[in-house]
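See structure below.
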Amino acid sequence: MTQTTLSTPKKITPISFDWKKWLGVIPFFLFAILFLILPSMRLFVGSFTNNEGSFTFANVLQLFQQKNILDAYWLSIRISAVTAIGGGIFGFLLAYAVTIGGLPLPLRSALITFSGVASNFAGVPLAFAFVATLGRTGIITAILKNVFHINIYQAGFNLYSFIGLCLTYMYFQFPLMVLIMAPALDGLKREWREAAENLGATSIQYWTQVAMPILLPSILGAMILLFGNAFGAYATAYALTGGSLPIVTIQIGAQIRGDVLHNPGLGYAMAMGMVFIMAISLAGYSWLQRVSERWLR
Amino acid sequence: MAYLTLSHISKQFAETYAVEDFNLDIDKGEFVSFLGPSGCGKTTTLRMVAGFEIPTSGRITLDGADITNKAPNQRHVGMVFQSYALFPNMTVSQNIGFGLRVRKASEAEIKERVKEMVSLVNLEKHADKYPFQLSGGQQQRVSLARALAIRPNVLLLDEPLSALDAKIRVSLRAEIRSIQRRLGITAIFVTHDQEEALSISDRIVVMYDGNVEQVGTPFDIYNFPRTPFVANFVGSLNTANAEVTDTEKGLLNMDGVQLVSAAKMDGLKKGDKVRIAIRPERFSFASEGKKANVLDCQIENITFLGSVVRVHILVGKTKFTMDTFNYPSLALPQIGDMVQVTCSKEAVLILGEATS
Amino acid sequence: MNLAKVQTLSKTSKPKPQTRRIPVWSWFWFILGALYFILPLYATLQFSLQMKRDQITLLAYQKAFEDPQFIKTFTYSNILALATIVAGIVLFVPTAYWIRLRLPEARRLTEFITFLPFVVPAIILVFGMIRIYSTPVKIPFTDIELFQPLTTTHFGTNILIVAGYMVLAMPYMYRSVDIGMRTVDVRTLTEAAQSLGANWFTIITRVILPNIRASLLSGALLTFAIVVGEVTLASFLGVNAFGPYLFLLGQHLAYQPAALSFVTFLLTWMAMGLIQLFTGGQGQATGAH
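Okay, structure coming up:
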């Protein structure tokens, strides 16, 4: 890193800003351009290009017309929504239990550490773990069959299905919710509860009129993040279902390997559609995060 | 009968007593301060009145009713917290109206009362703002209005000014006092700042280490401190060790310098070693008039503090501080000069046994 | 509120005893959560110990570790992780430092960039990377080829995958380093060091790096956790890493994959535990992949 003071006299340039300052961040921007922005742009441009190479909106339009694509998006949205809401609620209750809920402090550390682990434990190992748990010869399946005489597979349950994938996704969704909500719940000042009590509020009134409204931005923001998280997941779904569940990421994966849609532009458009959904999810989370920080600081 | 009575209140946490045998009668409309350093038990006592802590033993009676074990949301006392504790999801008006809303008052009643409170604390222009848009002083005024809106029996203030800038502190404490007077509401004010307590209270309770050291008016506490702690904590003080030479005439020997004191010497005999104290502002130059004690001293240093001039003097072997008012024609001695200073015999306090 | 009302209230209100109430519901949710987390792990462990019928044995582990492919891919993934960590430190630390010291104007743009990987998950990233880098890199508007397509050479693919991993790890690593620098106030430290006569190299190696050790370690550990188990980038780019190997193993065998999955879990746990140790705070989550 060089000093900005030069021994040569400064040239008076008409532009008043010091471009030399920007030298230091060129490596980073170069990296970002080469390996993040260019690939994204390639997909973006590609989605507006037809097979002959000229500009077209047709690919984007087809996203909304082709049934299997719409189905894929709808399936992904459903899985993401279910795991976001389910994971959100359960994660919130867990975070509540170890913060305000009054459980001993060591349990809180344990939960936070474990949440950190579990939220990183996605992909192939997670799929295997769930197969060992709820697969046809899984441990829970066996317990239910031998002890409670309930054969879940006979009853129609299948791990390699929508519900199975949801259950598996929950494994990293709950912990993510816990990690986001625990600090937010910490930010719920004790004095607010005391002030409310002092002014005559019952526990229920405190929760409905003070605590929940204050926590709502955090909870909603976290759920939106969970949604995006599930939407973009590939490895876990592929390892578990082998591609039989046609969610958007699996479809894109198939498209990468071989042009199953017979239209590269459409493949790019699908990818872009996904990026669009993720971007909205991230924007929503960011905005709500800022609002909640203002209150919980 | 007193309006609010705390009788033999004690609070024990694990092995230690946060508050021990606290007794106090407060009349209706009185402004009482709990004054003391952190950890003295003043906030714990306040929280017991509010209901956030339950006394280990003792009784609290408010307007004839025993409230010792009552839930905090049933006591009808208003509390102002050090950190304001405004609900961030509500506007100023909504915060102030909260207490009425949970009591299911009518919308019209809430609106009117909120309007009244908002103008009481001079925040009309900010009624629809959110707490994060207000300054610290403004937030605390909202907090005050919110507590007063429910027409509480007692107003409890837990170091409400500690988080604010010095200037705001001074103006806000005057405002709090004037509102309290206007409404005639009984108030307990907890603080560690003796200037605050002295300037606005009807009575002060000085606390240390869970015990009450002294209860009295500001004038009493300052001029007639009854324990060494009170003497040291409230106002500044010169202290020194001295030996009693004559209990009838009240004579003491401070390292070769003779002092005469008007303090009671019951229980003391000749030869006892005691700790004496003299307030800096009780000294004056002998050239302006001699009182019972006339002491030769040497000027060590002179510090100019604005309206007060602080003179550091050496009396025999003891260093004292003397505060005198500044005025343009003041003829100050030079550093190193030998002068005579004087103080009355009432100014010489006896705090207790000599310390090493 | 008049006296009568106060008195009636005192009769009807039940005082809440300040003795410890057992938070039943909290325990309920916690135990439920603990069960949900632990069962799959236990199931994996139990399954992995069942290679010999009716016996608890570590045979599955033994066989798994003996497999030369395992050794090859696991080592390779570790090397990739190391490369990503080093490259990440070399790129992100000076950048974050420069921006803090000299170029606060770039902060918003940089933060935006570090957020982008959330919007461009691994599958999309690899899609774009493959499409761009499977054609030769040309100087724009000419036919002069600079490199062969990166995807066709081993070296090129390695570059791509390390770069890809850097992109995936960037939000955590960059953010961690940046926060660490803010906490120790590198600006003031630098000025103090300069006034004492230190040159840039000394400042970075003796003042800055030691003080952001915790951030570097937690960023490194997180990167390790991400890279070792990563499947998406590795399999689409054709890299012989641990993730694809494990997946393939799962297609043919039963016990060894379970054993390796459990080992992966232990490794992740170790990494996260170390992060907790160094940062003493909240855990870090990377979310799904």
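So the sequence lines, in the order shown, correspond to chains D, C and Y. To convert, take the position in the first sequence, counting from 1, and add 57; that gives this note's numbering. To convert, take the position in the second sequence, counting from 1, and add 85; that gives this note's numbering. To convert, take the position in the third sequence, counting from 1, and add 315; that gives this note's numbering. Using N, Cα and C, we set each Cβ at its ideal position, and we do this for glycine too. Because the structure is a prediction, the values reported are computed rather than measured.
Sufficient close CB pairs (3 or more, under 8 Å) joining the stretch 142-162 of chain D to the stretch 344-355 of chain Y: A contact exists between the stretch 142-162 of chain D and the stretch 344-355 of chain Y.
Assigned exposure category for W515(Y) - 16 Cβ within 10 Å defines buried: Against the third sequence, residue 515(Y) aligns to sequence position 200. Its Cβ having fewer than 16 others within 10 Å, W515(Y) is exposed.
Environment of P572(Y) [buried if 16+ CB atoms lie within 10 Å]: Start at 1 with the first residue of the third sequence, and residue 572(Y) comes out as number 257. P572(Y) comes out buried.
Neighbour list for F171(D) in chain Y, Cβ cutoff strictly below 7 Å: The count along the first sequence starts at 1 and reaches residue 171(D) at position 114. F171(D) reaches chain Y at F352, counting residues in chain order whose Cβ is nearer than 7 Å.
Residue-chain proximity (L222(D), chain Y), Cβ-Cβ < 8 Å: Counting from one through the first sequence, the residue named residue 222(D) turns up at place 165. Judged by the 8 Å Cβ criterion, L222(D) is not in contact with chain Y.
Classification of N338(C) by the beta-carbon crowding that lies within 10 angstroms, buried from 16 upward: Here residue 338(C) refers to the residue found at position 253 when the second sequence is read from its first residue. Classification for N338(C): exposed.
Closest by C-alpha distance to R526(Y), when choosing among T503(Y), L440(Y), Y487(Y), M444(Y): By one-based count along the third sequence, residue 526(Y) stands at place 211. Per the sequence shown, residue 526(Y) should be read as Asn rather than Arg. Just measuring C-alpha positions, the residue of T503(Y), L440(Y), Y487(Y), M444(Y) sitting nearest N526(Y) is T503(Y).
Cβ-Cβ distance between S95(C) and Y102(C) below 8 Å: Translated into positions along the second sequence, residue 95(C) becomes position 10. Translated into positions along the second sequence, residue 102(C) becomes position 17. In terms of Cβ geometry, S95(C) and Y102(C) form a close pair [threshold 8 Å].
Cutoff 8 Å; reference A586(Y); Cβ partners in own chain excluding five residues on either side: What you label residue 586(Y) is simply residue 271 of the third sequence in a count that begins at 1. Cβ neighbours of A586(Y) beyond the five flanking positions: L536, L537, F539, A540.
V297(C) beta carbon less than 8 Å from that of L147(C): Numbered from its first residue, the second sequence carries residue 147(C) at position 62. Numbered from its first residue, the second sequence carries residue 297(C) at position 212. No. Outside cutoff.
Environment of P413(C) [buried if 16+ CB atoms lie within 10 Å]: To locate residue 413(C), count along the second sequence from 1; it is residue 328. Classification of P413(C): exposed, given that the 10 Å Cβ count is below 16.
Separation of F433(Y) from R446(Y), as counted between CA atoms: Here residue 446(Y) refers to the residue found at position 131 of the third sequence. Here residue 433(Y) refers to the residue found at position 118 of the third sequence. CA-CA distance, R446(Y) to F433(Y), rounds to 20 Å.
Three-state class that DSSP yields for R395(C) in the structure shown: The residue labelled residue 395(C) in the question sits at position 310 within the second sequence. It is a strand residue.
Sequence ranges, alpha helix (DSSP H) only - wholly within the stretch 278-310 of chain D, length at least 4: Within the stretch 278-310 of chain D, the complete alpha helix (DSSP H) runs of at least 4 residues are 292-298.
DSSP bridge partner residues for M407(C) (one or two, in chain order): What you label residue 407(C) is simply residue 322 of the second sequence in a count that begins at 1. BP columns for M407(C) point to V396(C).
Chain-ordered chain Y contacts of V82(D) [CB-CB under 8 Å]: Taking the first residue of the first sequence as position 1, residue 82(D) is located at position 25. Here the neighbours are T410, W413, I414, L418, A421, T425.
Whole-angstrom distance between M164(C) and L229(C), CA atom to CA atom: Within the second sequence, the letter at position 144 stands for residue 229(C). Within the second sequence, the letter at position 79 stands for residue 164(C). Linking L229(C) to M164(C) through their CA atoms gives a straight-line distance of about 8 Å.
Alpha carbon of C125(C) to alpha carbon of V155(D), nearest angstrom: Walking along the second sequence from the start, residue 125(C) turns up at place 40. Walking along the first sequence from the start, residue 155(D) turns up at place 98. For the pair C125(C) and V155(D), the Cα-to-Cα distance works out to about 32 Å.
Under 7 Å (Cβ pairs) to chain D, residues found in the stretch 361-390 of chain Y: Cβ contacts with chain D come from Q361, F362.
Rounded straight-line distance, which links the Cα of S286(C) to that of K442(C): Residue 442(C) lies beyond the residue range present for chain C, which begins at 86 and ends at 441; the question has no answer from this structure.
Extent of the continuous alpha helix (DSSP H) run through C355(D): Since the first and last residues shown for chain D are 58 and 354, residue 355(D) lies out of range.
Inter-residue Cα distance where the pair is R360(C) and I435(C): Counting from 1 along the second sequence, the entry for residue 360(C) is found at position 275. Counting from 1 along the second sequence, the entry for residue 435(C) is found at position 350. Their Cα atoms are separated by approximately 6 Å.
Residue of A556(Y), Y487(Y), D493(Y) minimising C-alpha distance to L524(Y): On the third sequence, residue 524(Y) is found 209 positions in, with the first residue counted as 1. The residue among A556(Y), Y487(Y), D493(Y) with its C-alpha nearest the C-alpha of L524(Y) is D493(Y).
Meets three-Cβ-pair contact criterion under 8 Å: the stretch 322-342 of chain D and the stretch 281-288 of chain D: A contact exists between the stretch 322-342 of chain D and the stretch 281-288 of chain D.
Presumed contact (8 Å Cβ cut-off) between Q265(C) and A272(C), rounded CB distance: Residue mapping note: residue 265(C) aligns to position 180 of the second sequence, counting from 1. Residue mapping note: residue 272(C) aligns to position 187 of the second sequence, counting from 1. Confirmed, Cβ separation roughly 5 Å.
Residue environment, P303(C), which counts as buried when at least 16 other CB atoms sit within 10 Å: Translated into positions along the second sequence, residue 303(C) becomes position 218. Around the Cβ of P303(C), a 10 Å sphere holds 16 or more other Cβ atoms; the residue is buried.
Collapsed DSSP secondary structure at D350(C) in the structure displayed: Against the second sequence, residue 350(C) aligns to sequence position 265. Per the sequence shown, the amino acid found at residue 350(C) is Met instead of Asp. In the structure shown, M350(C) falls within a coil segment according to DSSP collapsed to helix, strand and coil.
Within chain D, the residues that M164(C) reaches when beta carbons sit closer than 8 Å: The residue given as residue 164(C) occupies position 79 in the second sequence. Under the 8 Å cutoff, chain D gives E251, A252, N255.
Alpha-carbon spacing of V177(C) relative to Q223(C), whole angstroms: As a first step, residue 177(C) must be located in the second sequence, where it is residue number 92. As a first step, residue 223(C) must be located in the second sequence, where it is residue number 138. Using only the alpha carbons, I get a separation of about 10 Å.
Under 9 Å (Cβ pairs) to chain C, residues found in the stretch 188-211 of chain D: Those residues of the stretch 188-211 of chain D that come within reach of chain C (Cβ to Cβ, closer than 9 Å) do not exist; the list is empty.
Classification of T306(D) by the beta-carbon crowding that lies within 10 angstroms, buried from 16 upward: Position 249 of the first sequence, counted from the start, is the residue given in the question as residue 306(D). Using a 10 angstroms sphere on the CB of T306(D), the tally of other CB atoms reaches 16 or more, which defines it as buried.
Partners in chain D for A573(Y), counting only beta-carbon separations shorter than 7 Å: Here residue 573(Y) refers to the residue found at position 258 of the third sequence. At a C-beta separation below 7 Å, A573(Y) has these neighbours in chain D: F185, A189.
Nearest-angstrom Cα separation, counted from T265(D) out to I157(D): Here residue 157(D) is taken as the residue at index 100 of the first sequence, counted from 1. Here residue 265(D) is taken as the residue at index 208 of the first sequence, counted from 1. One Cα belongs to I157(D), the other to T265(D), and the distance between them is close to 16 Å.
Every unbroken alpha helix (DSSP H) inside the stretch 104-191 of chain D [4 residues or more]: Runs of the alpha helix (DSSP H) inside the stretch 104-191 of chain D: 115-120, 124-155, 162-177, 181-191.
Per DSSP, cross-strand counterpart(s) of Q167(C): Start at 1 with the first residue of the second sequence, and residue 167(C) comes out as number 82. Note: Q167(C) sits in no beta bridge, so no partner.
Beta-ladder partner(s) of K358(C), from DSSP: Counting from one through the second sequence, the residue named residue 358(C) turns up at place 273. DSSP output for K358(C) lists E328(C) as bridge partner(s).
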